[in-house]
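Working notes, beginning with the structure itself.
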Amino acid sequence: MTQFDSEIKKINATSEIVFNKLTNLENLSQLEGSMPHEKVKILKITENTCLFEVEMIGEIGIKIANKEPHHLILFESQQSPLAFNLSIYLTEQNEHTELQIQLKADLPMMVKMMVSEPINKFVNILADTLTRLSY
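Taking the working numbering, I'd label the letters of the sequence shown as residues 6 to 140.
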């Protein structure tokens, strides 16, 4: 299993507010204009699923698989060329919440060499973009 971790990002809201916003994926529609379209496009969103198009990777679908209130949102891949899990970790600090995205995928060596850089960019772009939601 290969693991990709985003940088830790700061959101000026409680972990409860951030968790409630991020567990309804339809809230991601607010991001449509703020993600770099040449890198990541949101194609379809429902309350529990989202379909992205990621540069050099193709379409990646996710669905919410598990939630630990105010701490963790776990997604599983769906309609994607590779199986993976994506976790959003939330840690409440004094007056803000720290967010980190972790993506784990079982990648064959040749595929890993080709997609590691785009996946690293994707998790960091996604983490950065989630800080732009209105909380």
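Ideal Cβ placement from N, Cα and C applies to all residues, glycine included.
For residue i, the first and last residue of its enclosing alpha helix (DSSP H)
{"i": "residue 133", "result": "114 to 135"}
{"i": "residue 21", "result": "20 to 27"}
Candidates the options: closest to residue i by CA position
{"i": "residue 82", "options": "99, 111, 97 and 96", "result": "111"}
{"i": "residue 69", "options": "91, 63, 59 and 48", "result": "91"}
{"i": "residue 34", "options": "74, 60 and 50", "result": "50"}
For residue j and residue i, the rounded distance between their alpha carbons
{"i": "residue 29", "j": "residue 12", "result": "23 Å"}
{"i": "residue 147", "j": "residue 84", "result": "Absent from the model: residue 147. The displayed extent of the chain is 6 to 140, so no value can be given."}
{"i": "residue 77", "j": "residue 103", "result": "12 Å"}
{"i": "residue 114", "j": "residue 100", "result": "42 Å"}
Counted within 10 angstroms of its Cβ, other Cβ atoms place residue i as buried (16 or more) or exposed
{"i": "residue 48", "result": "exposed"}
{"i": "residue 132", "result": "buried"}
{"i": "residue 20", "result": "buried"}
Range covered by the beta strand (DSSP E) that runs through residue i
{"i": "residue 96", "result": "89 to 97"}
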